[in-house]
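S.K.: Handing you a structure now.
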Amino acid sequence: MYKFFMVYKYLLNRPINLLGMIGVLIATWALIFVPSIFSGYIVKIEHHVRSTVADLSLILRGGSRPLSFSKVAKQLQEDKDVESLSPRLSWYGMLIPAKENAETVSASDQDFFQLIGIDDELEKGRFASWLRAVKDPQLQAPLSKPFEHKENAPPKILLGVDKAKELGLKRGDTLVLTTGFRDDSEADENVQSIVIEFELGGCFSSEHFAFDEYSAFVSIQDLRNILRGSAPPGLDRFNEIDIHARKGADLDLLSDRLNALLRDRNIPGIVVTWKKRQERFLESVEHQRFLLQLVLAALMVVAGFLIFATLSMMVSEKTKDIGILSALGATRKGLLSIFLFSGLSVAITGFFLGLLGAWISCKNLNAVNDFLADRFSLNLFPKDVYGLKVIPYAIDPLWVAQVGLGAMVLAGLFSLFPAWRAARLDPIQSMRSE
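Residue numbers (the working numbering): 2 to 435.
Here's what the structure looks like:
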């Protein structure tokens, strides 16, 4: 019992021990607060990415002959886990607002977009929800037949709502598409230049910032007509198919089965799950979080050195006390325990205070960020840069446990040498110390 009493007495009577506790507190706060924001960002971005892609995608290999969607779809639907399919024809080009319609047009307005040709009748309900998410009456697209246009009128195009506002556009404005096309089925390798006008039919909002910023939806039939080349008239060509699986289906197994089917039927393409398709992006964000955790872990090592320094000073200052305790019957093991428990007590207190601080910081992060932005124009987390309405966070209990365990282990290791030095002191020499 005397061990815990001496630990309590030494820690309270020596304010310098607060240095070690503050070091652990700051390290714990940083190791939990900052990665929690990163974790929240990853969860949010993964949700946004997931909302913009189907369960699986069939992607045709470049240079392959044009194929009929209806024929390929019929073969894919032989698998019982395939619920629905929708064709896509993706292309890239530069969209320029017509000068008479845009408020200001500069070189920065000439943006490259991914044009995605879709059949709105075959798309799942998510596309309609993207249209409903637009609240500005001047940018809303009709929920029914959003790409419908008169025979001689320019085809309709839908942009992300934030992008349209950035370009100063409203529904009915004209945009000019500049792109190139090379017919893979022809021997001529010359690229055909295509310049065509589109009419802004409205906007969409998927909440996935990068997707909304550089994607534009058009009718797949309009894009087929533009990129027809030597393909047979009326061919329902595509270069991607969105595959929606039945609820509860194993996407990896379904992907393997469909890829085997493609090989058997000589269809030049590959089926990938949504996670596999976004693998590089998601892994890059995860890798950044790991590097951040690694850098912040150095703070805990610094806190460990503070504990080592304060305990070493304590042993030097309490040499006479150690001699008296030895004379009264304290064992070497008991003396070692006093200083070892002192270091662990500092680490435990610092850890729980740091955990509390990190939790409070996460809870009030958005309020503090808004206050600093409004009062001092200091935006710590610009929401427009990250494409998020609020700053997300996700405190991972497993990571918290790892931080706590790491703090205890480091505190134990850095306390061990001062504690061992105290236990090895000669009682007689210690009592003579002044």
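C-beta atoms are modelled at their ideal positions from N, C-alpha and C, and glycine is treated no differently.
How about L254: is its Cβ closer than 7 Å to a heavy atom in the ligand ZN?
M.R.: This structure lacks the ligand ZN, and indeed carries no ligand of any kind.
S.K.: Under 8 Å between the Cβ atoms of I60 and V369?
M.R.: Taking 8 Å as the Cβ cut-off, I60 and V369 do not qualify as a contacting pair.
S.K.: Measuring only the C-alpha atoms, how far is S207 from K45?
M.R.: Cα to Cα, the separation comes out at about 13 Å.
S.K.: How would you write the range of the alpha helix (DSSP H) that K157 sits in, first residue to last?
M.R.: Segment K157 to G161 is the beta strand (DSSP E) holding K157; no alpha helix (DSSP H) there.
S.K.: Closest to A55 by C-alpha separation, out of L123, G169, A402 and V347, would be which residue?
M.R.: Nearest of L123, G169, A402 and V347 to A55, Cα basis: L123.
S.K.: At which residues does the beta strand (DSSP E) containing V50 begin and terminate?
M.R.: Element bounds for V50: not the beta strand (DSSP E) but the alpha helix (DSSP H), L19 to T53.
S.K.: Taking only the alpha-carbon atoms, compute the straight-line gap between N365 and D80 and give it to the nearest angstrom.
M.R.: N365 and D80: Cα-Cα distance of roughly 49 Å.
S.K.: Below 8 Å on the Cβ atoms is my guess for V83 versus A246; work out the distance and round it to an integer in Å.
M.R.: With 8 Å as the limit, V83 and A246 qualify as a contact, their Cβ atoms being about 7 Å apart.
S.K.: Are the beta-carbon atoms of V196 and T179 separated by less than 8 Å?
M.R.: A contact, by the Cβ cut-off of 8 Å.
S.K.: Out of curiosity, what's the CA-to-CA distance linking Q279 and Q222?
M.R.: Cα to Cα, the separation comes out at about 27 Å.
S.K.: With distance defined between alpha-carbon atoms, name the residue in F113, P88 and L86 nearest to L96.
M.R.: The option with the nearest alpha carbon to L96 is F113.
S.K.: Which ranges does the beta strand (DSSP E) cover as unbroken runs of at least 3 residues, wholly within the stretch 257–282, from first to last along the chain?
M.R.: With a minimum length of 3 residues, the continuous beta strand (DSSP E) runs that stay inside the stretch 257–282 are 270–274.
S.K.: Below 6 Å CB to CB, which residues in the same chain sit around S313 once its five sequence neighbours on both sides are set aside?
M.R.: Correct list, in chain order: P419.
S.K.: Between I392, N240 and L160, which has its C-alpha nearest S58's C-alpha?
M.R.: Minimum Cα distance to S58 is reached at N240.
S.K.: Count the other C-beta atoms from every protein chain shown that fall within 10 angstroms of the C-beta of L170, then say buried if there are 16 or more, exposed otherwise.
M.R.: Buried, since its Cβ has 16 or more Cβ neighbours within 10 Å.
S.K.: Kindly list the residues whose CB is nearer than 6 Å to the CB of I396, restricted to its own chain and excluding five residues on each side of it in sequence; keep chain order.
M.R.: Closer than 6 Å at the Cβ level, and outside the excluded window around I396, lie S37.
S.K.: Which ranges does the beta strand (DSSP E) cover as unbroken runs of at least 3 residues, wholly within the stretch 123–182, from first to last along the chain?
M.R.: 157–161 and 175–182, all fully within the stretch 123–182.
S.K.: Taking the alpha-carbon of E214 as reference, which of L414, T53 and I244 has the nearest alpha-carbon?
M.R.: E214 has its Cα closest to that of T53, out of L414, T53 and I244.
S.K.: If distances are taken between C-alpha atoms only, which option among N153, E152, K157 and K151 comes closest to A142?
M.R.: Considering only alpha carbons, the answer is K157.
S.K.: How would you call R225, buried or exposed, if buried means at least 16 neighbouring beta carbons within 10 angstroms?
M.R.: Buried, by the Cβ-count rule.
S.K.: Taking the Cβ atom as the reference point for each residue, do T175 and E198 lie within a distance shorter than 8 Å?
M.R.: Cβ atoms of T175 and E198: closer than 8 Å.
S.K.: Assign A299 to buried or exposed, taking buried as 16 or more other Cβ atoms, counted over all protein chains shown, within 10 Å of its Cβ.
M.R.: Exposed, because fewer than 16 other Cβ atoms sit within 10 Å of the Cβ of A299.
S.K.: Buried or exposed, going by whether 16 or more other CB atoms sit within 10 Å of the CB of S194?
M.R.: The residue in question, S194, is exposed, as its Cβ has fewer than 16 Cβ neighbours within 10 Å.
S.K.: I'd like to check one pair, G173 with C204: are the Cβ atoms closer than 8 Å?
M.R.: No, these two residues do not count as a Cβ contact at 8 Å.
S.K.: How long is the line joining the alpha carbons of L356 and I33, rounded to whole angstroms?
M.R.: Each residue's Cα considered, the two are about 7 Å apart.
S.K.: Just list the residues that DSSP pairs R66 with in beta bridges.
M.R.: Bridge partners of R66: none, in fact.
S.K.: Among F70, G407 and P88, which one has its Cα closest to the Cα of M301?
M.R.: It is G407.
S.K.: Using 10 angstroms around the beta-carbon of N153, count the other beta-carbons present and answer buried if the total reaches 16, otherwise exposed.
M.R.: Result: exposed.
S.K.: Just list the residues that DSSP pairs R89 with in beta bridges.
M.R.: DSSP, once it has assigned bridges, lists I119 and E241 as partnering R89.
S.K.: Check I97 in the structure and name its three-state DSSP category.
M.R.: Strand.
S.K.: Anyone know if the C-beta pair for R238 and L86 falls short of 8 Å?
M.R.: Taking 8 Å as the Cβ cut-off, R238 and L86 do not qualify as a contacting pair.
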